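Residue numbers (my numbering): 278 to 394. Below: one structure, written as structure tokens.
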């Protein structure tokens, strides 16, 4: 999932080198707990959470402040779909979710967000 992780990180870190560095940190953190992740009920979801936590921590450390508190899994779905350009099966694969559930959440997000636009 590294290329998809890189694309996601570039949303938060405009400098490609910074995005690459953050993903490397996340992958190193993932490697440290790899046996536990593999034994978890959903390894992809566990790996995604490690990436998300690393992005949040590093975003705060570079002086950009923490990610907005309202950035949640729903907005991550929207970022992966509308900004990164992943189809729902790809999002399900990278986040460890169910394709039908992700499709439903994206529709709900689109309906709510379109009233804000």
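Yeah, the Cβ is synthetic: ideal placement off N, Cα and C, and Gly gets one too. Remember, predicted model here, so these are calculated numbers, not experimental data.
For residue i, the nearest candidate out of the options (CA to CA)
i	options	result
residue 303	333, 360, 292	333
residue 359	283, 280, 288	288
residue 403	290, 297, 380, 327	Outside the displayed range of the chain (278 to 394) lies residue 403, so it cannot be described from this structure.
residue 280	380, 357, 385, 317	357
residue 278	310, 323, 295	323
DSSP state of residue i mapped onto helix, strand, coil
i	result
residue 354	helix
residue 316	helix
residue 292	coil
residue 336	helix
residue 363	coil
residue 394	Note that residue 394 scores a pLDDT of 48, beneath 50, so its modelled location is shaky and nothing firm can be said.
residue 387	helix
residue 310	coil
residue 305	helix
residue 297	helix
Cβ pair residue i, residue j closer than 7 angstroms
i	j	result
residue 382	residue 363	no
Alpha-carbon spacing of residue i relative to residue j, whole angstroms
i	j	result
residue 325	residue 372	5 angstroms
residue 366	residue 351	16 angstroms
residue 361	residue 297	15 angstroms
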